[in-house]
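Enquirer: Could you have a look at this structure, given as structure tokens, before my questions?
Residue numbers (the numbering used here): 3 to 540.
Below you can see the structure in the form of structure tokens.
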């Protein structure tokens, strides 16, 4: 018992250190990308908090799998301290953790982030007072609150099991609805709301994560263009534009006014010249900075990381393809949400996890790497693509020049993508996500030469859907994944779309050339006269 308590204390210490590391990363990430001229304490705190919630929520899956596995030995027996009361207490603790995190996510997505976003939209108008800003932001946020309330009501009052008595009265049906809600402790309501957000997160993952999985490793491998060579090209462009301006102005030397077309062309050339000179100052600063030399020294390490990331992406994509193919061939169909228990077609990840389970804690490290890779590639995809509303680009994510509204959008998208991460991992290794490394005992007939007969001995077996309920504990994650079959069916088709977008992104990333060392500085919307060059643009 003392050993278990010591392990528990060590676990909480590790969790505390992990929490501090997550907060530190979120603060660095937000400060790195937010605009120094438009930054505000309100939006900064909101962005850091939302991003931290996303990362903490993603870390709950491996913790859930670890806890259900930690209660049993590998021989299939429960540990001495893991009696029925302790098991239920651990399950409830994890479930309440999901309740808390998912409730915070709902609060952020449907109230806090929209409120802060509309607050800063109103702040752009200098004539607006603080009180008016808050009132207007609350008015627009009310629409999101109504949507959240509708989702909770739909999830709460649409029971998964219908009354058995078809001749029941209307009052009995209503009473059954309340009993169903009470028996699930609001799990169905919260699950429906989270599943709805996960569906949106699936669309965001298809758009950003699938492309980021190809763009991030290939950008690391290819690197950026040489600053000196890029500056030489920029100098040639400056000379060309100056010659063009001089040629246009020469037309008015004899006193004749320029035509309307020449005036428009002259104005465009002068704007282009200002942009090129601004770009030249950035290139000169970067070319002579110590950061450029430091990044050049780290070039081999970046290539190694790029190769590692592309290998992880290929492992993920091949596993996802085989898992989806397995569902297409062996599942019960769309009415069941394409759910299968166990696997008929083994995929690399599903084979690798049981092997790593024999050496603690390699399987949890792999799951954590996949989840963090999923998040970092999502960030890379959002940075490369920007934030769009259909064909209209709303915001760009740039180092040191990202508006507060864009950062809030980025954090909301990451929150939604994180919700979809759990289902993606379940798609790759359903049995592992449901039961972790748990085994249970079955009676097996063994022929003994000593006693000249047959005897039965308990033999450990991997937990699956056929295992007794009192012998294997299902993760709390699974309770949120398959409450509604139609969401599972949508996720299944979304996985095929994810694979298609990844292949398209891989082709696009291979065909694109190296990025500029000052990516985005050549765009007029990103340039102002008081912008300072940054060495960290490399």
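Just so you know, even glycine gets a beta-carbon here, dropped at the ideal spot from N, CA and C.
For residue 272, which of helix, strand or coil comes out of DSSP?
Expert: Three-state DSSP puts residue 272 in a helix.
Enquirer: Is residue 462 helix, strand or coil when you go by DSSP?
Expert: DSSP places residue 462 in strand when its eight states are reduced to three.
Enquirer: Can you tell which of 500, 517, 515 has the C-alpha that lies nearest to the C-alpha of residue 213?
Expert: That would be 500, whose Cα lies nearest to the Cα of residue 213.
Enquirer: Which of the three DSSP states, helix, strand or coil, is assigned to residue 22?
Expert: Looking at residue 22 - three-state DSSP - the assignment turns out to be helix.
Enquirer: Can you give me the Cβ contacts of residue 506 inside the same chain, cut-off strictly under 7 Å, excluding the 5 residues immediately before and after it?
Expert: Result list for residue 506: empty, nothing under 7 Å.
Enquirer: Once the 5 residues before and after residue 353 are set aside, which same chain residues still bring their CB inside 7 Å of it?
Expert: Here the set comprises nothing.
Enquirer: Assuming contact is defined by CB atoms lying nearer than 8 Å, are residue 196 and residue 421 in contact in what I supplied?
Expert: Yes, they are a contact pair.
Enquirer: In terms of alpha-carbon separation, which member of 33, 418, 433, 108 lies closest to residue 192?
Expert: Checking every option, the nearest Cα to that of residue 192 belongs to 108.
Enquirer: For a minimum of 4 consecutive residues, which ranges assigned as the alpha helix (DSSP H) are wholly contained in the stretch 352-415?
Expert: Counting whole runs of 4 or more residues, the stretch 352-415 contains the alpha helix (DSSP H) stretches 364-387.
Enquirer: Our contact map puts residue 156 next to residue 112 with C-beta atoms below 8 Å; I'd like the distance itself, whole angstroms only.
Expert: About 14 Å separates the two Cβ atoms, so there is no contact after all.
Enquirer: Using beta-carbon positions only, say whether residue 37 and residue 122 come within less than 8 Å of one another.
Expert: Cβ atoms of residue 37 and residue 122: not closer than 8 Å.
Enquirer: Can you check DSSP and say which residues form a bridge with residue 442?
Expert: Paired residues: 463.
Enquirer: Considering only the alpha carbon of each residue, which of 51, 211, 375 lies closest to residue 503?
Expert: It is 211 whose Cα lies nearest to the Cα of residue 503.
Enquirer: Using 8 Å as the threshold, is the stretch 281-298 in touch with the stretch 225-238, meaning 3 or more CB pairs across them?
Expert: With the cut-off at 8 Å, the stretch 281-298 and the stretch 225-238 touch.
Enquirer: Compute every distance between the C-beta of residue 503 and the non-hydrogen atoms of the ligand GDP, then say whether any falls below 7 Å.
Expert: Although the ligand GDP was asked about, the structure shown includes no ligands whatsoever.
Enquirer: Using only the alpha-carbon positions, how far apart do residue 139 and residue 516 sit?
Expert: When rounded, the distance between both Cα atoms is 42 Å.
Enquirer: If residue 369 and residue 67 are in contact, beta carbons under 8 Å, what's the gap, nearest whole angstrom?
Expert: Their Cβ separation, rounded to whole angstroms, is 7 Å, which keeps residue 369 and residue 67 in contact under 8 Å.
Enquirer: Closer than 7 Å by C-beta to residue 323: which residues in its own chain qualify, once you throw out the five before and the five after it? Chain order, please.
Expert: Counting only Cβ-Cβ distances below 7 Å, and skipping sequence neighbours, we find 501.
Enquirer: Measuring CB atoms only, is the stretch 432-445 touching the stretch 469-477, in the sense that at least three cross pairs come out at less than 8 Å?
Expert: Contact between the stretch 432-445 and the stretch 469-477 is present, because at least three Cβ pairs lie under 8 Å.
Enquirer: Along the chain, where does the alpha helix (DSSP H) containing residue 307 start, and where does it finish?
Expert: Run containing residue 307: 301-332, per the alpha helix (DSSP H) assignment.
Enquirer: Under a three-way DSSP split, which group does residue 226 fall into?
Expert: Three-state result, residue 226: strand.
Enquirer: In the structure shown, what three-state DSSP assignment does residue 517 receive?
Expert: If DSSP states are grouped into helix, strand and coil, residue 517 belongs with the strands.
Enquirer: Going by C-alpha distance, which of 74, 58, 220 is nearest residue 104?
Expert: Residue 58 is the option with its Cα nearest to residue 104.
Enquirer: What are the start and end residues of the alpha helix (DSSP H) that includes residue 66?
Expert: Looking at the DSSP string, the run of the alpha helix (DSSP H) that includes residue 66 is 43-72.
Enquirer: Answer with buried or exposed for residue 405, where buried requires no fewer than 16 other C-beta atoms within 10 angstroms of its C-beta.
Expert: Result: buried.
Enquirer: With distances taken between CB atoms, is the gap from residue 240 to residue 279 smaller than 8 Å?
Expert: Contact flag set, yes.
Enquirer: Would you please state the rounded distance, in angstroms, between the beta carbons of residue 25 and residue 54? I believe it to be under 8 Å.
Expert: Correct: roughly 6 Å between the Cβ atoms.
Enquirer: Helix, strand or coil: which one does DSSP assign to residue 38?
Expert: Coil, per DSSP.
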